[in-house]
Amino acid sequence: MDNFCFACHDNNGVNNTTVRSITGGTATNPFNDTLKNSYDQVTRPGVIDVKTQFTTTNYSHHAVSGQKYTSSTPLFSASPNRFVSTFTPLGGSVSIRDTSTIHCGDCHTSGKWATSGGIGAHGSTNEYMLQTASGTDTTHTSTDYVCFKCHVGSIYNDLGGKTLGGTAAHITGGNGSDYTHTAGTTGLSARTNGDGHITGMTCSGCHNCGQTGWGGIHGGNASYTDGNNTSQQTRRFMPGMGNSKYIPGGWTSGTGATCYTLNNSSWSTCNQHPSGGKSVTRTPRAITY
């Protein structure tokens, strides 16, 4: 199914002129429409080049075009396991882990691979044609994002109150407003209201491979300037739409990182951690393994 999706979602868009038979259709806008949806209502520049976002040499990429990690499983082997033990990716034989590969249909309601209902890639009840954590086609809530199909929700779905291994908060001393859910609302101003951001999904506030850019959670290979005015690479899918000046403090340690939000973009209004930022704790692990 992945290659079918990439036939349009790549760096040259829809080359097949029969597919874009609608009058005025182009490679980057095959249906000659407004390139926006009814909920965030923001116009895209064209068909998203997802294939390039999944390039296996990118600083960050979800493992669709190939594995991200190949030789060990520090997150899978952690106590508790950071991955959902009951979820096995499409075509896989073991539960999800660091070394797994996944497919478009594991997250999106794609064709016969949809978990329920055979919804296909034509449309979806949920925003961005995403499944929920349980694989259904319903509007996601703050506790059943598709992210939690793989990543254990009880660890990651409340930045102020959940713990990693029972010893350290995902964000040390974080407060409730760090976890802002605005999905289901209509229009940019509603979705960015109260420290929210354009996708409405809390996770993208910190993870998007950059502050702006559609589909950054697929992967990315860019650089950004952190809160210390230092150039950084978009590793661990950082920074996000709100946490735009994230200071990694070294990517492999469990401490030393700082969240840094400036409310300086139409993509997010988050201003929880300006000037000086907020220290965070992480699971220590290597960049590659």
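Just so we're aligned, residue 141 is where the sequence shown starts under the numbering used here, counting upward by one. Note that beta-carbon positions come from the ideal geometry of N, C-alpha and C, so glycine has one too. Since the structure is predicted, the reported quantities are computational estimates derived from the model, not experimental observations.
- The beta-carbon distance between Ala426 and Thr392, rounded to whole angstroms, is 6 Å. This is short enough to meet the 8 Å contact definition.
- Going by DSSP, Ala397 is part of the beta strand (DSSP E) stretching over Ala397 to Cys399.
- Counting only residues of its own chain and dropping the five nearest sequence neighbours on each side, Ile387 has a CB closer than 7 Å to the CB of Asp366, Gly367, Asn368, Ala397, Thr398, Tyr400 and Gly417.
- Spanning the alpha carbons of Ser329 and Gly340 requires a straight line of approximately 11 Å.
- Around His149, the same chain offers Val187, Ile188, Asp189, Val190 and Lys191 as residues with beta carbons nearer than 7 Å, after the five sequence neighbours per side are excluded.
- Cβ-Cβ distances below 6 Å link Met378 to Tyr386 in the same chain, with the five nearest sequence neighbours on each side left out; the list follows chain order.
- Taking the CA atoms as reference points, Cys346 sits about 31 Å from Asp173.
- In this structure, the straight-line span from the alpha carbon of Phe288 to that of Ser274 is close to 8 Å.
- With contacts defined as CB atoms closer than 8 Å, Tyr199 and Tyr429 fail to qualify as a contacting pair.
- Scanning its chain for C-beta atoms nearer than 8 Å, with the 5 sequence neighbours on each side dropped, one finds around Gly334 the residues Ser317, Thr320, Thr322 and Thr409, in chain order.
- For the set Gly231, Asn221, Cys244 and Ser294, the Cα lying nearest the Cα of Arg237 is the one of Asn221.
- Closest in alpha carbon position to Thr166, among Tyr179, Asn177, Asn383 and Val154, is Val154.
- For Thr365, the enclosing beta strand (DSSP E) has its first and last residue at Ser363 to Thr365.
- As for any alpha helix (DSSP H) of minimum length 4 sitting wholly inside the region 341-397, there is none.
- Excluding residues up to 5 positions away in sequence, Cys349, Gly350 and Thr374 lie with their Cβ nearer than 7 Å to the Cβ of Ala362 in the same chain.
- When beta bridges are read from the DSSP output, Ser294 appears opposite no residue.
- Under the three-state reduction of DSSP output, Lys176 falls in the coil class, being neither helix nor strand.
- By the Cβ-count criterion, Ser205 is buried, with 16 or more other Cβ atoms from all chains shown falling within 10 Å of its own Cβ.
- The residue from Trp407, Pro229 and Asn156 with its alpha-carbon nearest to that of His291 is Pro229.
- Contact annotation: Met141 and Cys244 have beta-carbon atoms nearer than 8 Å.
- For Val159, the secondary structure class from DSSP, reduced to helix, strand or coil, is coil.
- Of the candidates Thr272, Gly390, Asn383 and Thr423, Asn383 places its Cα closest to the Cα of Ser415.
- The three-state reading of DSSP puts Leu328 in helix, counting H, G and I together.
- Assigned with DSSP and collapsed to three states, Phe223 falls in strand.
- Linking Ala203 to Ser371 through their CA atoms gives a straight-line distance of about 26 Å.
- A Cβ-Cβ distance of about 6 Å is found for the pair Thr213 and Thr239, placing them in contact under the 8 Å criterion.
- Taking the Cα of Thr332 as reference, the smallest distance to any Cα among Cys145, Tyr179 and Phe171 is reached at Tyr179.
- For Lys191, the enclosing alpha helix (DSSP H) stretches over residues Val190 to Gln193.
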